[in-house]
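J.: Handing you a structure now.
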Amino acid sequence: MQYRLLRNTIVSIGMLALLSACGQAKAPAEQPLANPALSKPMAASSNPTSAPPLAPTPVTSAPDNNKQMKIKAYFGDESGEKLVEQETNISYQQDDEKYIASLKALSVSSDSKKLALFRGFTFHSAAANKGLLTINVTMAPESRLGSGGEELLLQALKKTVFQFPEINSIELLVDGKSVESLMGHMDLPHPIKR
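Adding 22 to a residue's 1-based position in the sequence shown gives its number in our numbering.
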């Protein structure tokens, strides 16, 4: 009797582990595994939007011709269920470089309780033209998240980019190509509108 209960428990745990890995690539040995909480599906009605974001605040220039700006960057919470806002400073030399600097701020978190949803992303370019920001990225295998993580990542992208009042839409390219879905769980509109 106890043997059968133990066997059923082990089989159940194994099935749960297999099912929770949906959409996640095997991470290299030296990299920490993606947070399994991010693979939880999010309820369709959860919409963490609140008041419209305020425009980023420029900070005084540094003496080496770098401009600085205070922006809001968005990360996942510890459980991977909602976005967490964090003010951060970005540095850039020319005005059109502020977009890629703000995106790069999303790929690293200095707080262990805030998950960098864009970990493993390489931002090649971010160019604005008539209100459309075209972003070209490459995704490392460890950057793949579950459906809940992908939804949070897209929300973080929109909230971060739409802080800039001159941007009305986003065209997100992967390796220079338009894709239907970033990670296979959520449709990716072309363009993403404010």
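All residues carry an ideal CB built from backbone N, CA and C; glycine is no exception.
Would you kindly report the start and end of the unbroken alpha helix (DSSP H) that includes S113?
T.: Per DSSP, S113 belongs to no alpha helix (DSSP H); it is in the beta strand (DSSP E), L105 to Y114.
J.: Once you ignore the five residues that flank H146 on each side, which residues in its own chain have a CB closer than 6 Å to its CB?
T.: Cβ neighbours of H146 beyond the five flanking positions: N158.
J.: Can you pull the DSSP bridge partners for N151?
T.: According to DSSP, which records beta bridges pairwise, N151 is partnered with L154.
J.: Please state the DSSP three-state secondary structure of K135.
T.: Reduced to three states, the DSSP call for K135 is coil.
J.: For G170, is the classification buried or exposed, using 16 other Cβ atoms within 10 angstroms of its Cβ as the cut-off for buried?
T.: By the 10 Å Cβ count, G170 comes out buried.
J.: Excluding five sequence neighbours on each side, which residues of the same chain lie with their C-beta closer than 6 Å to the C-beta of S113?
T.: Excluding sequence neighbours, S113 sits near N88 and Q90.
J.: Can you list, in chain order, the residues of its chain whose CB lies under 6 Å from that of L175, leaving out five sequence neighbours each side?
T.: Taken in chain order, the residues that qualify are L139.
J.: Please work out which residues of its chain come closer than 7 Å, Cβ to Cβ, to M205, disregarding the five sequence neighbours upstream and downstream, and give them in chain order.
T.: Excluding positions up to five away in sequence, the list reads G45, R166, L167 and E172.
J.: Would you tell me roughly how many angstroms separate the C-alpha atoms of L137 and L210, rounded to the nearest one?
T.: L137 and L210: Cα-Cα distance of roughly 22 Å.
J.: Taking the alpha-carbon positions, what's the V130 to L154 distance?
T.: Using only the alpha carbons, I get a separation of about 25 Å.
J.: Are the CB atoms of V183 and I192 nearer to each other than 8 Å?
T.: Against a cut-off of 8 Å, the Cβ pair of I192 and V183 comes out as a contact.
J.: Give me the DSSP bridge partner(s) of A96.
T.: The identity of residue 96 in the sequence shown is Tyr, whereas the question assumes Ala. E107.
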